[in-house]
Amino acid sequence: MTGAWPLPAVAAISVLQVLGVVAGGPLLVGLMRKVRCRLEGRVGPPVHQPLLDLRKLARRERTRPDQASWIFSAAPVVLVATTLVIALVAPLLATDPAFGWSADLFALVYLLLVGSVALALGALDTGTAFGGMGASRAMTIGALSEPALLVAVLALSVPARSSNVPTIVARSLAHPAWLATPQRLLSLVAFLIVIVAESGRLPVDNPSTHLELTMVHEAMVLEYSGADLALVKLGESMRLVVLLALFADLFVPWGVATAPGVGHVAVAVVAIAAKVTALGIALAVFEVAVAKLRLFRVPELTAGAFVLAVLAVVSALVVP
Amino acid sequence: MTSAYSSTLTLAAGAVLICAVVVLWVTSVRSVLRVVATQGFALGCVAMTVGVHMGDAGLMATAAVVLGVKGLAVPVLIGRAAGGAPDRERRPLVNVPASLVASAALIVVAFAAARGVATFVGATNGALVPVGIATLLVGFLVLVSRRRPIFQMVGLLLVDNGVALVAFLCTAGVPFLIELGVSLDVLLGVVVLMVLAQRLRSEFGDLDLDELRELHD
Amino acid sequence: MVLELILALPLLGGAAVAGWRDHAARWLAVATNGATLALGVWVAVRVVRNGPLTGAEGVLRADALSAFMVVVIGAISLLASWLGVRTMALEVAGGRCSPRRATAYGVLVQAFVAAMLLAVLAANVGVLWVAVEATTVVTVFLVGHRRTRGALEASWKYLVICSVGIALAFFGTVLVYLCALRAGGHSASALDWTSLVAGARHLDPSVLRLGFALVVLGYGTKVGLVPLHSWLPDAHSQAPAPVSALMSGVLLTVAFYAILRFKAVTDAALGPGFSRTLLVVVALSSLAVAASLLLTQRDYKRMLAYHSIEHMGLVALGAAAGIPLAIAAVLLHILGHGLAKSVLFLTSGEIMAAEGTSRIDGVHALLARRPTLGGVFGTGLVALLGLPPFSLFSSELLMARAEFQVGLGWAAVAALAAMVVIFVAVVGHARHMLLGAPGPTEVLAPPPAWVAAPLVAGLVACGLIGVFAWPLSGLLHAAAHVVAP
């Protein structure tokens, strides 16, 4: 498949993907905030406000806890770097991105996992009560949601007979009938729950709270400041975009460019932007509609996602 | 997934299993009853689909009986056993996330264990046999991990529905007269359970079953 | 017609109890059970001479095995309903139970007997299943009759565990049905015993294996075999004595009868190896559980219940041997155990009513204080422990001989070891209850003669069968060949 794509096109697509994710992340967060505010009857900050925040933070002085080691400063970098790798290799725009051979679904899920673990380690490294509490809560949620994600995508890989994400996308584009099978629906639901849990949204976590009883993610990043905090925020928003884009890729793959050509890629850019925006808005609306789950109910949600994902795999194996 | 028959059958059988998993997920009696009714309905649909496909009038009649008994009568009776009180499974012996993960393992076990029968039956029906066995195993899990009388009744019902699903898929059900006897037994069993649950409540009040420790060695 | 009549008799008795609510109606019910016994004997004689009978358009069928089970059910239901009149009279007089509930009790007991008769007379595994499930549903309220906390707990456990077991048995039945259909059976007749055995060679071995294992596990629940035995001691200790007698004396063996029927099909299809392995495993583990729990018993009704688990283990081991000699011995054991165990449960009910406790350490010097009850209880235990001249001695001996013949000698030796442990345990408990010196002022009235008579008669019958088995030998021989041709 690599043969069909000229090198400059691949390079351009890669650059587009990475740039899109880096710029799109903060914009998506701003958009979702705006939607929430509108629904709650407030005006809300402009959509590009997170970008301005990042710029402001980047110029601020960074302070570090006395006890913190190099892990504390490395964690945000690892978070951003792993997400960038996913953005580079995932078939967001075309079914044959650069290094597409490495975009194995296991590799992608574990890259996501490396990011979360790095952040949790960074939080633990501060030695503060909040850091430890946030890390433990985040790991409680992640312990089941990461496997659920893995298994949900595995269900999609069964009919495609490949665990390579670009191949899965290409084959589902070739067989649209696959998209309406029961296993698809099951893994779709599982995937959605995982997105909510992983990106720290309601009803799992409230990104805008600083209430010690309920915060998960905010507790972890409490000690970060300045450029470190900017990196963390950037990394988090990029993760959200990547998750949503992967979701769009796997379940509604139409628009992804299967053949080289400026036109195809332009369609793909528009398509992915539209899909991610729509998903983001839907997520924001959903957030307004639901109340936060009590923390000890969250594992039930992620365990449910896990079971659904297992069901999806099993039915994919049984009902070809 | 070629014909309408096999996709309808897959959908209905899948709904039976998903209902079983959802029983593990919910904790309030009212929602669990809704799930049980849905499952009975899905089971009736399985029987009806197989019956229509095979042109088997006895099985269609069976399906009607199943719809009436398991989709309607049994949930209503269990609801009466609950007495309308807002009841919840507050502290299951195995908590919800753990039992959900365990059910995932059970589903895999069911598919491994049923391979022999599945290939023997063949076709879509055979491929779906493990779904019935998985429902049965999840029923066992509910029985051993839930402590409210209502939830144990529901566990029994899951076991029963799992076996019935296997029967519909493998043999297009047992002959109609026997099926009538089976349904009657199930119904009477549920009535007896209901009366017992009411007696338990009037005798012990709000009770978790593992607090019954009068008899032991 | 006679088969329908056998089924109708206990129902008529039940209707009489429900309609008249009178003491006389209860005696009428007892009489119907006596008539069932008489008809059973008549059917047995006919079947041995002329071959199987059928009835109700082929739904009912009586071969030698069914006829034998009808005789067992008739005999024990006669004993139990006779003493049931006494139990209910005492309960109502003592204000522990309203007349209404006594009536309900009478009706349910008759329905219970009818369900068991249907189970053994069914020509069809599906009907058998429905009947066995019906026995569970009917007996739940009998177990919970006293409505104490313990009785409620026992009946809940009983219903839940047995329903699970019976669901597994249904699963097994469905798999066997599947095999039969695939082997070319017609859906209406594929579940009949005769066609299953006749077409056994064409059944798919792997699915049949799974089906038989589920049947053993499922019906084994109602037999009280490990692993799903835990309901048995609770239910037997909480139920009124006549119900315990019926459950322990016949219900367990009716469920075992179902296993024997499926075993005949499985052995014809797969050879005896598979069912033998399975039954030896459950038998030995049941024996081990019974032996270990009997040692520490503090309640004499529970002691009797665990003793039933032991005997069901022995019966399963005998059936594992599988040759006609073994099956005949198993059937003889079923009859002897039924008689002795129901007499013991009924006596324990009398003891409990007189002494007010079911704890072993609450009862002492019975032989001196209540010679009739103590004597019957002690003799019954002697019979159950397998001492001569009672029939359990000869049946255990025959089973052991058959086991050695088929190379299961090691299992027989293991069973013997468990029986020695049980012997020591039971003798220890019995010594405490029966022997000792009475207090100086204790003058106690013996039970009336009409109560003592059936108890003594039951034991005498058990002894007579042990000494003179010849009236039964033709029937046992024919029944054994139904299972092991």
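Chains as they are written, first to last, in numbering that gives the first Met the number 0: chain A, 0 to 319; chain B, 0 to 216; chain C, 0 to 484. Glycine included, every Cβ here is placed at the ideal spot set by N, Cα and C.
Cβ pair count under 8 Å reaching 3, the region 126 to 143 of chain A against the region 215 to 229 of chain A: Contact between the region 126 to 143 of chain A and the region 215 to 229 of chain A is present, because at least three Cβ pairs lie under 8 Å.
In chain order, which continuous runs of the alpha helix (DSSP H) of length 4 or greater are located wholly inside the region 123 to 163 of chain A? As far as the region 123 to 163 of chain A is concerned, its whole alpha helix (DSSP H) runs of at least 4 residues are 128 to 159.
Report back the beta-carbon spacing between C/Val131 and C/Ile165 to the nearest angstrom; my notes put them in contact at under 8 Å. Contact annotation, C/Val131 with C/Ile165: C-beta distance approximately 6 Å; criterion of less than 8 Å satisfied.
Look at A/Met31 and A/Gly303 and say whether their C-beta atoms are less than 7 Å apart. Their beta carbons are not under 7 Å apart, which means A/Met31 does not touch A/Gly303 by this criterion.
Return the chain-ordered list of same chain residues with a C-beta closer than 6 Å to the C-beta of C/Lys262, the five sequence neighbours on each side being excluded. Only residues of its own chain outside the window of five on either side were considered, and among them Ser274 have a CB closer than 6 Å to the CB of C/Lys262, listed in chain order.
Got a sec? Which residues, its chain only, sit under 7 Å from A/Ala315 by beta carbon, not counting five neighbours each side? Hits under 7 Å: Ala154, Val157, Pro158 and Gln182.
Any chance you could list the beta strand (DSSP E) runs of at least 3 consecutive residues sitting entirely within the region 41 to 116 of chain B, in chain order? Runs found: none.
Is B/Pro174 close to chain C? Criterion is C-beta to C-beta, closer than 7 Å. Yes, its Cβ sits closer than 7 Å to a Cβ of chain C.
Taking Cβ to Cβ, would you say C/Ala17 is nearer than 7 Å to C/Val106? The answer is yes: Cβ separation under 7 Å.
With a threshold of 6 Å on Cβ separation, who are the neighbours of A/Gly141 within its own chain once the five nearest residues in sequence on each side are excluded? Apart from the 5 residues on each side of it in sequence, A/Gly141 sits with its Cβ closer than 6 Å to the Cβ of Ser115 in its chain, given in chain order.
Residue from C/Ser393, C/Gly385, C/Leu434 and C/Gly435 whose Cα sits closest to the Cα of C/Val419: Comparing Cα positions, the closest option is C/Gly385.
What's the gap between the Cα of C/Arg145 and the Cα of C/Pro239? Straight-line Cα distance between these residues: approximately 7 Å.
Closest Cβ-Cβ distance between C/Gly125 and chain B: below 7 Å? Yes, because at least one Cβ of chain B sits closer than 7 Å to the Cβ of C/Gly125.
Just to check my reading of the structure: A/Gly24 and A/Leu239 have Cβ atoms closer than 8 Å, yes? What is that Cβ distance to the nearest angstrom? Distance from A/Gly24 to A/Leu239 at the Cβ level is roughly 7 Å; contact confirmed, criterion being Cβ atoms closer than 8 Å.
Span separating the alpha-carbon of C/Gly374 from that of C/His310: Going by the C-alpha atoms only, they are around 22 Å apart.
Helix, strand or coil for A/Ser68? Go by DSSP, reduced to three states. Correct three-state label for A/Ser68: coil.
Secondary structure at A/Leu6, three-state DSSP: helix, strand or coil? A/Leu6: helix per DSSP, three-state reduction.
Neighbouring residues, chain C, relative to B/Val158 (Cβ below 7 Å): For a Cβ distance threshold of 7 Å, residue set Val163 and Ala166 of chain C lies close to B/Val158, ordered along the chain.
Within-7 Å CB hit, C/Val206 to chain B: True, the Cβ-Cβ gap to chain B drops below 7 Å.
Starting from C/Leu59, follow the beta strand (DSSP E) in both directions and report where the run begins and ends. That run of the beta strand (DSSP E) goes Leu59 to Ala61.
Closer than 7 Å by C-beta to C/Met432: which residues in its own chain qualify, once you throw out the five before and the five after it? Chain order, please. Closer than 7 Å at the Cβ level, and outside the excluded window around C/Met432, lie Tyr299, Ile359, Val362, His363 and Leu365.
Just tell me which of C/Leu316, C/Ala267, C/Asp266 and C/Leu259 has its CA closest to the CA of C/Ala287. Checking every option, the nearest Cα to that of C/Ala287 belongs to C/Leu316.
So that I know if they touch, is there some Cβ in chain B lying closer than 7 Å to that of A/Phe305? True, the Cβ-Cβ gap to chain B drops below 7 Å.
C/Ala113 to C/Gly143 span [Cα, whole Å]: In this structure, the alpha-carbon of C/Ala113 lies about 20 Å from that of C/Gly143.
Which chain C residues are close to B/Phe119, counting only those with a beta carbon under 8 Å from its beta carbon? Within chain C, the residues near B/Phe119 are Leu177, Arg181, Asp203, Ser205 and Val206.
Using the DSSP secondary-structure output, state which residues sit across from C/Asp298 in a beta bridge. Under the DSSP definition of a beta bridge, C/Asp298 partners with C/Arg358.
For A/Asp174, which of A/Arg160, A/Arg136 and A/Leu27 has the nearest alpha-carbon? A quick correction: the sequence has His, not Asp, at residue 174 of chain A. That would be A/Arg160, whose Cα lies nearest to the Cα of A/His174.
A/Ala73 to A/Val79, Cα distance in whole Å? The alpha-carbon of A/Ala73 is positioned some 10 Å away from that of A/Val79.
I'd like to know if C/Asp191 contacts chain B, where contact means its C-beta is closer than 7 Å to some C-beta of that chain. So no, C/Asp191 is outside the interface.
So the beta strand (DSSP E) C/Gly473 belongs to, where does it begin and stop? The continuous stretches of beta strand (DSSP E) do not include C/Gly473, which lies in the alpha helix (DSSP H) extending over residues Trp469 to Val482.
Near A/Lys274, what residues of its chain come up, given a Cβ to Cβ distance below 6 Å and the 5 sequence neighbours on each side ignored? Here the set comprises Ala247.
Collapsed DSSP secondary structure at A/Ala256 in the structure displayed: In this structure, A/Ala256 counts as strand in the three-state DSSP scheme.
Interface partners of C/Glu3 on chain B, CB under 7 Å: Near C/Glu3 there are no residues of chain B at all, since even the closest Cβ is about 16 Å away, more than 7 Å.
Any idea which residues DSSP pairs C/Leu52 with across the strands? DSSP lists C/Ala61 as partners of C/Leu52.
If we define contact as Cβ-Cβ less than 7 Å, is C/Leu250 a contact residue for chain B? At a cut-off of 7 Å between beta carbons, C/Leu250 makes no contact with chain B.
My output table needs one value for A/Asp103: the three-state DSSP class, helix, strand or coil. A/Asp103 carries a strand assignment under DSSP once its states are collapsed to helix, strand and coil.
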